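K.L.:
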Amino acid sequence: MSRVDELLDLAERAQGFMPRDEGLALYRHARALGERVPKGTWLEVGAWCGKSALYLGAAAEATGGVLYSLDHHHGSEENQAGWEHFDPTLVDPLDGRLNTLPTWQRTIATAKLETSVIGLIGDSSVVAAHFAQALDLLFIDGGHALDVARADYASWTPKVVLGGLLLIHDVFVDPNDGGQAPYEIYRAALESARYLDVASEGSLRVLVRVR
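Under my numbering, residues 12 to 222 are what the sequence shown spells out, in order.
(1) Return the chain-ordered list of same chain residues with a C-beta closer than 8 Å to the C-beta of Phe183, the five sequence neighbours on each side being excluded.
(2) Please state if the CB of Gly76 and the CB of Gly57 are separated by a distance shorter than 9 Å.
(3) If you run the structure through DSSP and keep just helix, strand and coil, what is Gly68?
(4) So within the stretch 183-216, which uninterrupted alpha helix (DSSP H) runs reach at least 4 residues, ignoring any that extend past its ends?
(5) Under 9 Å, do Glu55 and Leu35 count as touching if we go by C-beta distance?
(6) First and last residue of the beta strand (DSSP E) that includes Ser80?
(7) Compute the Euclidean distance between the alpha carbons of Lys170 and Gly130, then round it to the nearest angstrom.
(8) Of the choices Pro113, Leu207 and Tyr206, whose alpha-carbon is the least far from that of Trp59?
(9) Suppose the cutoff is 6 Å on Cβ atoms and the five residues either side in sequence are ignored; what does the same chain contact list for Ile179 look like?
(10) Bridge partners of Gly130, per DSSP?
(11) Determine the extent of the alpha helix (DSSP H) in which Leu21 is found, giving its start and end residues.
(12) Just tell me which of Tyr66, Leu177 and Arg42 has its CA closest to the CA of Ala200.
(13) How should Ile119 be labelled, buried or exposed, when 16 other C-beta atoms within 10 angstroms of its C-beta is the threshold for buried?
(14) For Glu33, report the span of its alpha helix (DSSP H) as first-last.
(15) Give the straight-line distance between the Cα atoms of Pro104 and Asn110, rounded to the nearest whole angstrom.
(16) Pull up the distance between the alpha-carbon of Arg24 and that of Gly154, whole angstroms please.
(17) Could you tell me if Thr168 is buried or exposed, where buried requires 16 or more neighbouring beta carbons within 10 angstroms of its beta carbon?
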């Protein structure tokens, strides 16, 4: 089994919500970008337990890039007790809050991706205000509350370089299929005229910065 196949197999088995077809599309688009622009700087907003970081990390390692994987690791609204995606095994018994960081760390360490995937821990907007590096790729998969998604979009999309990729997960046109916040920021990207929609897979949208 090749190194890439090993990482993609680990990604499929990792804890998280990314369907395999969407994860493989994430890998393919990141890998293609990395081959055009090697040694790139990438960032994902919303890491959970590291599943998407393995798909992106496989592409980053293969092309000499670095993925910054950003999360506060206490879960979004939909991950809290009483909601559909609550996982009691991720609750820290000391403070009663969700804490996905130890699982994320094990996921990345098991994959031996610690030099290609760098964890950032904290509030997305606060980190963005102190993050000066331009981004070749931005993947937004953070909280689905509208104010949270809008803040992620406003904080990070200006850092994407011309020709760089913006990928947004959980974009659903029909509210019956899922929350509308990712769709709202996807529409905002298109309406800004700075981004062009170039591909999709399931709920994943791929856009390129054109101006």
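Beta carbons: idealized from backbone N, C-alpha and C, even for Gly. Note that this is a predicted model, so its numbers are computed, not measured.
P.N.:
With the structure as the only source:
(1) Translated into the one-based positions of the sequence shown, residue 183 becomes position 172. So the qualifying residues of the chain are Gly189, Gly190, Gln191, Pro193, Tyr194 and Ser214.
(2) By one-based count along the sequence shown, residue 57 stands at place 46. By one-based count along the sequence shown, residue 76 stands at place 65. No.
(3) Here the question's residue 68 lines up with position 57 in the sequence shown. Helix at Gly68.
(4) 192-202
(5) By one-based count along the sequence shown, residue 55 stands at place 44. By one-based count along the sequence shown, residue 35 stands at place 24. In this structure, Leu35 does not lie closer than 9 Å to Glu55 by Cβ.
(6) Within the sequence shown, numbered from 1, the residue matching residue 80 stands at position 69. Run containing Ser80: Val77 to Asp82, per the beta strand (DSSP E) assignment.
(7) As a position in the sequence shown, residue 170 is number 159, starting the count at 1. As a position in the sequence shown, residue 130 is number 119, starting the count at 1. Lys170 and Gly130: Cα-Cα distance of roughly 18 Å.
(8) Stepping through the sequence shown from its first residue, residue 59 is reached at position 48. Of the listed residues, the one whose Cα sits closest to Trp59 is Pro113.
(9) Position 168 of the sequence shown, counted from the start, is the residue given in the question as residue 179. Excluding residues within five positions, the ones whose Cβ falls inside 6 Å are Ile151, Pro193, Tyr197 and Arg216.
(10) Here residue 130 refers to the residue found at position 119 of the sequence shown. DSSP, once it has assigned bridges, lists Ser80 as partnering Gly130.
(11) Translated into positions along the sequence shown, residue 21 becomes position 10. First-last of the alpha helix (DSSP H) with Leu21: Arg14 to Arg24.
(12) In the sequence shown, residue 200 corresponds to position 189, counting from 1. Cα-wise, what sits closest to Ala200 is Leu177.
(13) Within the sequence shown, numbered from 1, the residue matching residue 119 stands at position 108. Label assigned to Ile119: buried.
(14) Along the sequence shown, read from residue 1 onward, the residue named residue 33 stands at position 22. Following the DSSP letters along the chain, one finds Glu33 inside the alpha helix (DSSP H) bounded by residues Arg31 to Arg47.
(15) As a first step, residue 104 must be located in the sequence shown, where it is residue number 93. As a first step, residue 110 must be located in the sequence shown, where it is residue number 99. Computed Cα separation, rounded: 10 Å.
(16) Taking the sequence shown and counting its residues from 1, one reaches residue 24 at position 13. Taking the sequence shown and counting its residues from 1, one reaches residue 154 at position 143. Going from the Cα of Arg24 to the Cα of Gly154 covers about 23 Å.
(17) Position 157 of the sequence shown holds residue 168. Result: buried.
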